[in-house]
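If you read the sequences in order, they're chains A and B. The first sequence begins at 171 in the numbering used here and counts up by one. The second sequence begins at 171 in the numbering used here and counts up by one.
Protein chains: 2
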Amino acid sequence: MSDPTSDLLPEGLEDRLPQSAAAAARIERDAMAVMGAHGFDRVRPPLIEFEKSMATRTDGLMTRHMFRFVDPRSLRTLALRSDITAQVGRIAATGLSDAPRPLRLCYAGQVVRIAGDQLEPRRENLQIGAELIGSDSAAAAGEMVELAITALEAAGATGISVDFTLPDLVDTLAAETFPLAEEKRDAVRRELDAKDAGGLTDAGGEAYIPLLFATGPFDDALEKLRAIDAGGALSSRLEGLQQIADRVRGRARLTLDPSERHGFEYQSWFGFTIFADGVRGAVGRGGTYLIGGTGEPATGFSLYPEELVEAVKAQESLGNKLFLPLGHDRSAATRLRGQGWRTVEALSDADDAAALGCSHLLDGGEAKPV
Amino acid sequence: MSDPTSDLLPEGLEDRLPQSAAAAARIERDAMAVMGAHGFDRVRPPLIEFEKSMATRTDGLMTRHMFRFVDPRSLRTLALRSDITAQVGRIAATGLSDAPRPLRLCYAGQVVRIAGDQLEPRRENLQIGAELIGSDSAAAAGEMVELAITALEAAGATGISVDFTLPDLVDTLAAETFPLAEEKRDAVRRELDAKDAGGLTDAGGEAYIPLLFATGPFDDALEKLRAIDAGGALSSRLEGLQQIADRVRGRARLTLDPSERHGFEYQSWFGFTIFADGVRGAVGRGGTYLIGGTGEPATGFSLYPEELVEAVKAQESLGNKLFLPLGHDRSAATRLRGQGWRTVEALSDADDAAALGCSHLLDGGEAKPV
Chain A
171 MSDPTSDLLP
181 EGLEDRLPQS
191 AAAAARIERD
201 AMAVMGAHGF
211 DRVRPPLIEF
221 EKSMATRTDG
231 LMTRHMFRFV
241 DPRSLRTLAL
251 RSDITAQVGR
261 IAATGLSDAP
271 RPLRLCYAGQ
281 VVRIAGDQLE
291 PRRENLQIGA
301 ELIGSDSAAA
311 AGEMVELAIT
321 ALEAAGATGI
331 SVDFTLPDLV
341 DTLAAETFPL
351 AEEKRDAVRR
361 ELDAKDAGGL
371 TDAGGEAYIP
381 LLFATGPFDD
391 ALEKLRAIDA
401 GGALSSRLEG
411 LQQIADRVRG
421 RARLTLDPSE
431 RHGFEYQSWF
441 GFTIFADGVR
451 GAVGRGGTYL
461 IGGTGEPATG
471 FSLYPEELVE
481 AVKAQESLGN
491 KLFLPLGHDR
501 SAATRLRGQG
511 WRTVEALSDA
521 DDAAALGCSH
531 LLDGGEAKPV
Chain B
171 MSDPTSDLLP
181 EGLEDRLPQS
191 AAAAARIERD
201 AMAVMGAHGF
211 DRVRPPLIEF
221 EKSMATRTDG
231 LMTRHMFRFV
241 DPRSLRTLAL
251 RSDITAQVGR
261 IAATGLSDAP
271 RPLRLCYAGQ
281 VVRIAGDQLE
291 PRRENLQIGA
301 ELIGSDSAAA
311 AGEMVELAIT
321 ALEAAGATGI
331 SVDFTLPDLV
341 DTLAAETFPL
351 AEEKRDAVRR
361 ELDAKDAGGL
371 TDAGGEAYIP
381 LLFATGPFDD
391 ALEKLRAIDA
401 GGALSSRLEG
411 LQQIADRVRG
421 RARLTLDPSE
431 RHGFEYQSWF
441 GFTIFADGVR
451 GAVGRGGTYL
461 IGGTGEPATG
471 FSLYPEELVE
481 AVKAQESLGN
491 KLFLPLGHDR
501 SAATRLRGQG
511 WRTVEALSDA
521 DDAAALGCSH
531 LLDGGEAKPV
């Protein structure tokens with residue numbers, strides 16, 4: 171016998187057992203089917219890459235959050251991916267650099283990070299996403315927000331809400347509208363993140379305080395933001411937001427929190443976070459960005475459906491199981507599988523239909539209740 | 171601009187671009203659907219585990235072939251999985267220890283190993299498989315061989331052949347039939363692997379030479395093996411082989427190579443290797459074994475479809491793409507997606523249907539050829 175403690179999994183890692191694995195697999199399949207139907211082609215980058223390559227493609231992606239190890243073959247440092255977006259950016263810049271733009275790619279796969287935190291203790295996640303490469307326009311953003319909503323609906327999410335943000339808000343306003351020296355901007359961003367009016371004043375960003383109140387339901391918040399933007403520095407952004415919101419109005423509850431930057435380390439003018447009823451935390455996040463290295467504009471999103479799996483797994487159907495007794499009619503079994511039955515074959519007389527979770531058994535070529 | 175060499179992937183790792191990713195995703199989906207229809211429930215173990223736990227579950231699984239690294243959280247060594255079978259054994263022994271037997275589980279996921287070799291340079295593989303836990307009988311083996319064939323057929327493999335082996339052949343014969351001291355058995359196994367009659371004689375295994383000729387088409391080879399097994403030590407095994415072969419006769423070309431041990435480091439009485447037309451090397455492998463730690467009998471197989479992907483990807487259809495001009499009829503687009511069309515939405519006047527790979531465009535609510 172082995173030491174039972176050797177069977178425990180490391181903190182933040184888990185086995186998905188049948189009910190939960192079925193929910194995860196179905197969610198992945200349904201979300202990917204929606205992306206495929208909207209013209210996004212799947213790519214599959216590898217689980218590990220050179221650390222340096224991972225770091226190049228995305229400014230905000232910290233390789234220090236990745237498991238890293240030396241490759242005995244190349245003697246270079248490899249990293250286990252913590253994000254697939256950066257890998258898709260690499261593919262767009264290399265293997266698919268000659269493909270026509272806009273280039274629509276999607277992906278699904280496991281990602282791992284060294285440290286979970288209290289809010290999100292998981293260290294391994296399923297990441298499902300899509301990237302529209304070659305455009306960061308409002309039209310592109312509208313397509314991607316709607317696609318994220320449609321994919322999540324197909325995956326079983328309900329009560330979807332989308333929170334918009336303007337990741338480069340401070341930089342945009344700091345040039346003229348509310349002048350702010352380069353070296354003060356980080357502090358102002360931090361106080362905006364903290365929603366701390368006093369802190370903003372201390373940081374020399376008193377002019378930014380009204381932004382703290384331009385949040386909430388989309389239409390109201392946008393109006394407040396328009397009033398703040400007297401100089402019109404934000405006008406193209408606000409018009410873009412309006413266009414995106416008009417496209418998905420009625421599909422989701424829309425809110426605006428223009429200074430929210432958490433999770434938007436590499437996005438440019440537009441970002442969004444998606445929530446769903448009964449699902450703890452954000453279920454997805456996306457926005458516009460420039461691909462590291464080439465600077466090509468892109469718009470994308472990632473879904474992290476682990477908590478959605480938790481929310482729906484109890485209702486996930488594993489399908490009806492049909493017990494096939496010893497010496498059963500094999501062609502009837504094949505026919506019934508074709509009708510959607512899941513068959514469970516007896517290996518010996520000891521096998522019991524009910525104990526094996528079968529609701530029916532094959533009798534006279536037909537499924538009869540056990 | 172980044173250093174272009176930083177974008178190269180490590181040796182043995184690759185991006186799957188759309189054509190190849192679509193083939194891999196379809197193969198995974200079709201093979202998993204077959205396993206599900208035969209009563210196998212999916213599980214999803216994590217990508218990384220404690221090295222010690224990986225090592226416990228499977229005798230033949232060498233953690234020195236895995237990427238390993240220290241977990242800053244637990245300060246213990248973790249390993250990136252190179253095999254999922256051992257993880258499923260752990261699940262059977264822990265989270266599903268109380269589930270009724272036989273327990274049917276299946277899985278699909280990526281596995282990674284440190285070193286490729288000349289025959290198989292890939293360091294990351296897709297592994298798809300099924301484990302029947304609680305039985306290593308001929309009935310269980312027959313079910314699993316047939317399931318492997320059915321799954322591969324659904325995945326698009328043709329001209330399937332299955333090569334049977336008896337992994338514990340030497341141990342079984344060495345007790346009485348062809349007595350052989352414990353310390354000589356390894357050498358005899360090696361010479362049998364090498365198919366070297368002279369080597370066998372030198373190793374003191376002259377009596378084993380006839381085994382080298384009991385190979386080839388199943389019925390002939392089994393008859394030769396029966397003739398060699400005068401003492402009857404193999405009789406239950408040969409009967410089992412016969413039973414398995416009878417079950418899948420007509421579904422695949424069957425061969426027997428009773429002393430083949432390559433890839434069967436942890437199997438017990440029965441092993442099999444699967445090949446398919448046009449696919450380089452083995453496409454799958456399985457057999458009976460005892461789960462490490464608990465010693466519970468089990469029968470399983472793993473498919474490694476990477477070369478099957480290579481063989482079929484050129485024929486893989488990505489589906490017909492339908493261009494949606496600016497201001498298109500959105501309900502018509504939804505309806506056509508429901509009919510299987512993949513739509514590609516125009517973002518601006520510059521977007522060109524043909525350049526974006528669209529065969530049709532939406533015009534008057536209908537798909538018209540471009």
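The beta-carbon is built from N, C-alpha and C at its ideal position, and this holds for glycine as well. Fair warning: this is a prediction, and the values are worked out from it, not measured in the lab.
So residue i packs on residue j, CB below 8 Å; how close in whole Å?
{"i": "residue 226 (chain B)", "j": "residue 463 (chain B)", "result": "5 Å"}
{"i": "residue 255 (chain B)", "j": "residue 221 (chain B)", "result": "Not quite, the Cβ-Cβ distance comes to about 17 Å (not below 8 Å), so this is no contact."}
{"i": "residue 334 (chain A)", "j": "residue 411 (chain A)", "result": "6 Å"}
{"i": "residue 481 (chain B)", "j": "residue 331 (chain B)", "result": "About 15 Å; that fails the 8 Å criterion."}
{"i": "residue 540 (chain A)", "j": "residue 523 (chain A)", "result": "5 Å"}
{"i": "residue 266 (chain A)", "j": "residue 381 (chain B)", "result": "Residue 266 (chain A) to residue 381 (chain B), Cβ: 53 Å. No contact."}
State yes or no: is the C-beta of residue i within less than 8 Å of the C-beta of residue j?
{"i": "residue 514 (chain B)", "j": "residue 488 (chain B)", "result": "no"}
{"i": "residue 454 (chain B)", "j": "residue 474 (chain B)", "result": "yes"}
{"i": "residue 385 (chain A)", "j": "residue 377 (chain A)", "result": "no"}
{"i": "residue 518 (chain B)", "j": "residue 491 (chain B)", "result": "no"}
{"i": "residue 301 (chain B)", "j": "residue 470 (chain B)", "result": "yes"}
{"i": "residue 388 (chain A)", "j": "residue 426 (chain A)", "result": "yes"}
{"i": "residue 183 (chain B)", "j": "residue 293 (chain B)", "result": "yes"}
{"i": "residue 327 (chain B)", "j": "residue 446 (chain B)", "result": "yes"}
{"i": "residue 451 (chain A)", "j": "residue 346 (chain A)", "result": "no"}
{"i": "residue 363 (chain A)", "j": "residue 432 (chain A)", "result": "yes"}
{"i": "residue 315 (chain A)", "j": "residue 414 (chain A)", "result": "yes"}
{"i": "residue 437 (chain B)", "j": "residue 217 (chain A)", "result": "no"}
{"i": "residue 395 (chain B)", "j": "residue 408 (chain B)", "result": "yes"}
{"i": "residue 244 (chain A)", "j": "residue 180 (chain B)", "result": "yes"}
{"i": "residue 444 (chain A)", "j": "residue 318 (chain A)", "result": "yes"}
{"i": "residue 196 (chain B)", "j": "residue 486 (chain B)", "result": "yes"}
Can you list, in chain order, the residues of its chain whose CB lies under 7 Å from that of residue i, leaving out five sequence neighbours each side?
{"i": "residue 379 (chain A)", "result": "367 and 370"}
{"i": "residue 344 (chain B)", "result": "350 and 355"}
{"i": "residue 252 (chain B)", "result": "235, 236, 281, 282 and 283"}
If you drop the 5 nearest sequence neighbours on each side, which residues of the same chain put their C-beta closer than 8 Å to that of residue i?
{"i": "residue 357 (chain A)", "result": "373, 374 and 375"}
{"i": "residue 175 (chain A)", "result": "Only weak support exists for where residue 175 (chain A) lies, its pLDDT of 46 falling under 50; the value from the coordinates is given anyway. Excluding residues within five positions, none has a Cβ falling inside 8 Å."}
{"i": "residue 309 (chain B)", "result": "413"}
{"i": "residue 209 (chain A)", "result": "274"}
{"i": "residue 305 (chain A)", "result": "271, 272, 467, 468 and 469"}
Under 7 Å between beta-carbons, which chain B residues line up against residue i? List them in chain order, please.
{"i": "residue 265 (chain A)", "result": "185 and 187"}
{"i": "residue 181 (chain A)", "result": "243 and 244"}
{"i": "residue 248 (chain A)", "result": "180"}
{"i": "residue 526 (chain A)", "result": "270"}
Identify the contact partners of residue i in chain A, using a Cβ-Cβ distance below 7 Å as the criterion.
{"i": "residue 282 (chain B)", "result": "217 and 218"}
{"i": "residue 455 (chain B)", "result": "Within chain A, no residue comes near residue 455 (chain B); the closest Cβ sits about 21 Å away, beyond 7 Å."}
{"i": "residue 197 (chain B)", "result": "Simply none; closest approach about 12 Å."}
What does a CB cutoff of less than 6 Å around residue i pick up in its chain, not counting 5 residues either side in sequence?
{"i": "residue 320 (chain B)", "result": "204"}
{"i": "residue 202 (chain A)", "result": "278"}
{"i": "residue 483 (chain B)", "result": "189, 190 and 193"}
{"i": "residue 233 (chain A)", "result": "221, 224, 225 and 249"}
{"i": "residue 500 (chain B)", "result": "none"}
So which residues of chain B does residue i contact, with C-beta pairs closer than 8 Å?
{"i": "residue 411 (chain A)", "result": "Within chain B, no residue comes near residue 411 (chain A); the closest Cβ sits about 17 Å away, beyond 8 Å."}
{"i": "residue 414 (chain A)", "result": "The premise fails here: residue 414 (chain A) is roughly 13 Å from chain B at the closest Cβ pair, so nothing lies under 8 Å."}
{"i": "residue 433 (chain A)", "result": "The contacting residues do not exist; residue 433 (chain A) stays about 22 Å from chain B at best."}
{"i": "residue 383 (chain A)", "result": "Those within 8 Å of residue 383 (chain A) in chain B number zero; the least Cβ separation is about 34 Å."}
{"i": "residue 294 (chain A)", "result": "216, 217 and 218"}
Applying a beta-carbon distance threshold of less than 8 Å, which residues of chain A neighbour residue i?
{"i": "residue 419 (chain B)", "result": "Going along chain A, no residue has its Cβ under 8 Å from residue 419 (chain B), so there is no contact; the nearest lies around 13 Å."}
{"i": "residue 529 (chain B)", "result": "Those do not exist, as residue 529 (chain B) stays about 12 Å from chain A at its closest Cβ, beyond 8 Å."}
For residue i, go through chain B and note every residue whose CB falls closer than 9 Å to its CB, in chain order.
{"i": "residue 285 (chain A)", "result": "242 and 243"}
{"i": "residue 234 (chain A)", "result": "Here the premise fails: no neighbours, minimum Cβ distance about 10 Å."}
Chain A partners of residue i, CB-CB under 9 Å?
{"i": "residue 261 (chain B)", "result": "185 and 187"}
Members of the region 208–220 of chain A near chain B, C-beta cut-off 7 Å: 208, 209, 211, 212, 213, 214, 215, 216, 217, 218, 219 and 220
Residues of the region 486–514 of chain A whose Cβ lies closer than 7 Å to any Cβ of chain B, in chain order: 488, 491, 507, 512, 513 and 514
Residues of the region 436–452 of chain B with Cβ closer than 8 Å to any Cβ of chain A, in chain order: none
Selection of the region 334–360 of chain A by Cβ proximity to chain B, strictly under 9 Å: none
Within 7 Å of chain A by C-beta, residues of the region 298–320 of chain B in sequence order: 305, 307, 309, 310 and 313
Where the region 468–484 of chain B meets chain A: residues whose CB sits under 8 Å from a CB there: none
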